[in-house]
Amino acid sequence: MPLSLRTLRDLVLAGDPGCLCDPELFTGPAGVEAEDEPPADRAARIAVAREVCASCPVRWPCLVYALRTRPAAGVWAGFTSDEIGALVAAANRPARPRRYTALRPVSADAPAAAAVREVA
Ligand code: SF4
């Protein structure tokens with residue numbers, strides 16, 4: 044049975060994660076629209092946030108929470124909201140059919156290459 048969002052949130056908060064000390068590092072500067080944050084500043088901020096997440100003791104429940112809630116902004120478990128969305132989309136994408144290689148018995152008069160055929 045999957046953990047509830049409340050349980051996941053409680054697990055994260057109980058871990059006293061670093062993001063609680065400096066939320067703007069994860070969400071961007073207060074009072075500044077995302078599109079107004081200079082790209083270099085944003086990249087540097089996200090890189091530091093990822094470093095904090097990399098050693099976070101509650102990264103796993105944080106990631107599960109983010110995958111289930113698909114936040115619109117911020118850095119979660121080391122991933123930006125866009126990356127979280129891409130992970131969810133990839134997980135929901137139907138699997139491509141596999142290609143199998145079938146081996147057939149080789150007869151003395153068949154070329155060797157004909158012994159292997161691919162089937163969809
Ligand atoms: S993994 Fe990062 S965003 Fe998640 S709780 Fe830890 S420090 Fe915060």
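Numbered per this note's numbering, the sequence shown spans residues 44 to 163. We put the CB at the ideal spot given by N, CA and C, even for glycine.
TODO: With 9 Å as the threshold, decide whether the Cβ of Ala86 is near any Cβ in chain D.
DONE: Included in the structure is just one protein chain, with no chain D present.
Task: Residues of its chain near Glu161, where Cβ-Cβ distance is below 8 Å and the 5 sequence neighbours each way are ignored - done: Your numbering for residue 161 matches position 118 in the sequence shown. Annotation note: pLDDT 47 at Glu161 (below 50); position unreliable, coordinate value reported separately. Cβ neighbours of Glu161 beyond the five flanking positions: Arg142, Tyr143, Thr144, Ala145.
- [ ] Look up Val118 in the DSSP assignment and say whether it is helix, strand or coil.
- [x] Walking along the sequence shown from the start, residue 118 turns up at place 75. DSSP places Val118 within a strand segment (E or B) once states are collapsed to three.
- [ ] Counting only the same chain and skipping the five closest in sequence on each side, list residues whose C-beta sits under 8 Å from that of Met44.
- [x] In the sequence shown, residue 44 corresponds to position 1, counting from 1. Result list for Met44: empty, nothing under 8 Å.
Open item on the list: Could you pull the DSSP bridge partners for Thr70 from this structure?
Closed with: Counted from its first residue, the sequence shown places residue 70 at position 27. For Thr70, which the question treats as bridged, DSSP gives no partner whatsoever.
Open item on the list: Taking 9 Å as the threshold (C-beta atoms), are Leu110 and Gly121 in contact?
Closed with: Your numbering for residue 121 matches position 78 in the sequence shown. Your numbering for residue 110 matches position 67 in the sequence shown. No, the Cβ-Cβ distance between Gly121 and Leu110 is not below 9 Å.
Task: Bounding residues of the alpha helix (DSSP H) (the contiguous stretch that carries Glu94) - done: Taking the sequence shown and counting its residues from 1, one reaches residue 94 at position 51. Boundaries of the alpha helix (DSSP H) around Glu94: 82-97.
- [ ] If I'm right that Ile127 touches Pro140 with Cβ under 8 Å, what's the distance once you round it to whole angstroms?
- [x] In the sequence shown, the residue the question calls residue 127 occupies position 84. In the sequence shown, the residue the question calls residue 140 occupies position 97. Ile127 to Pro140, Cβ: 28 Å. No contact.
TODO: Ignore the nearest five residues each way along the sequence and tell me which others in Ala163's own chain have a CB closer than 7 Å to its CB.
DONE: Translated into the one-based positions of the sequence shown, residue 163 becomes position 120. Because the pLDDT at Ala163 is just 45, under 50, the model does not fix this residue reliably, and the value given afterwards should be weighed accordingly. These residues qualify, in order along the chain: Pro140, Arg142.
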